[in-house]
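Notes follow once the structure below has been shown.
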Amino acid sequence: MQSHPEMGARLLKGIPWLEDALEVVRHHHERWDGTGYPDHLCGDAIPLVARIFTIVDVFDALTSQRPYKEALDYPEAMLTMRSLSGKQFDPELYTRFTTIAQGLYDEVACADAMTINAHINKLVESHFHLKVTPAEISWELMAVDEVE
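In terms of my numbering, the sequence shown opens at residue 905 and continues consecutively.
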């Protein structure tokens, strides 16, 4: 399982519109304290986009129901994440995340799938200048279970 960041980065290499995602894919399991993988990067050596994504990815994993676990509510998730700040996460970025997390959580938690899909579509169009249909990109398709 620890090889998926390297495999994913190899798959994206050479796809021009996904090149900006390479650092995130390769380094989203690096840890602030250097215990992550694949390159065992530490602190600011981890690309900023990967440090940001790691925080959001863990928050999503904690607050999403999976076949193997129940979703945590917001306070439980934030308590868990606080214990990881400075170890798994960049502590400064985690502090910044705490200032916006509640509002984003409340907005997404009460939104229906159609609203979320429309929002994702807008983000994809604005960042990648692509037109996609709801059938091509949906919240359900993006919620891939991670086994670790």
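Ideal Cβ positions, reconstructed from N, Cα and C, are used throughout, including at glycine.
For residue i, the nearest candidate out of the options (CA to CA)
| i | options | result |
| --- | --- | --- |
| VAL1001 | ARG930, VAL1028, VAL960, HIS908 | For the sequence presented, residue 1001 should be read as Phe rather than Val. For PHE1001, the nearest C-alpha among the options comes from VAL960. |
| ASP937 | ILE1020, ALA949, ALA965 | ALA949 |
| GLU927 | GLN906, ARG955, GLY947 | ARG955 |
| PRO951 | SER907, PHE993, PRO971 | PHE993 |
| LEU983 | PRO971, LEU966, ARG970, LYS973 | LEU966 |
Euclidean distance between Cα positions of residue i and residue j
| i | j | result |
| --- | --- | --- |
| LYS1026 | ASP1010 | 20 angstroms |
| GLY918 | VAL929 | 14 angstroms |
| ARG986 | ALA975 | 17 angstroms |
| GLU1050 | LEU997 | At GLU1050 the pLDDT is 43, less than 50, meaning the model places this residue with poor confidence and gives no usable figure here. |
| ALA925 | PRO909 | 11 angstroms |
Item to check | Cβ contact check for the stretch 909-916 and the stretch 929-940: 3 or more pairs under 8 angstroms | outcome: yes
Next on the checklist: For the pair the stretch 933-942 and the stretch 962-979, tell me if three or more CB-CB distances fall below 8 angstroms.
Outcome noted: no
Item to check | Complete runs of the alpha helix (DSSP H) confined to the stretch 969-1039 [at least 4 residues] | outcome: 978-988, 995-1013, 1017-1032
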